[in-house]
Amino acid sequence: MIIRPRRLRRTSTIRRMVRETIIRVEDLILPIFVKHGKGEREPIPSMVGHYRLSVHELVKEAEEVWSLGIPGIILFGLPRVKDALGSEAYARDGIVQKAVAAVKERVPELVV
């Protein structure tokens, strides 16, 4: 018996859902680790090619990422002080908040 999966070809939406996976630059999001400091670029030993960046270095990296066609970044902040509430995560002057503002000022089209 011949099997013809016509049900998977019925509409263009279904065809898009079941087609081969294609990864393009436009689909990528780059993880970036940001820390307090100025002009710092500290390598992360367990993640070759990744660094903990100060906000100034992050902005330069964001500009380069955008120029390569990568549409977004996700920031992971390293707070100066950790507490049980994670208050640095929602502080108005937290490292991630500063980083987002700096990146959006220089590369407003980049998704952060």
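Under the numbering used here, think of the first position of the sequence shown as 530, with each following residue one higher.
We treat Cβ as the ideally placed atom computed from N, Cα and C, and that holds for glycine.
Because the structure is a prediction, the values reported are computed rather than measured.
query, result
"Quick test of the definition: if touching needs 3 or more C-beta pairs under 8 Å, does the stretch 576-586 touch the stretch 532-549?", "no"
"Decide if residue 564 is buried, meaning its Cβ has at least 16 other Cβ atoms within 10 Å, or exposed.", "buried"
"Suppose you measure from the CA of residue 608 to the CA of residue 624; what does that come to, to the nearest Å?", "7 Å"
"Looking at C-alpha atoms only, which residue of 551, 535, 556, 548 is the closest neighbour of residue 594?", "556"
"With a cut-off of 8 Å on the beta carbons, I'd call residue 604 and residue 630 a contact; round off their distance for me.", "Not really, about 11 Å apart at Cβ, beyond 8 Å."
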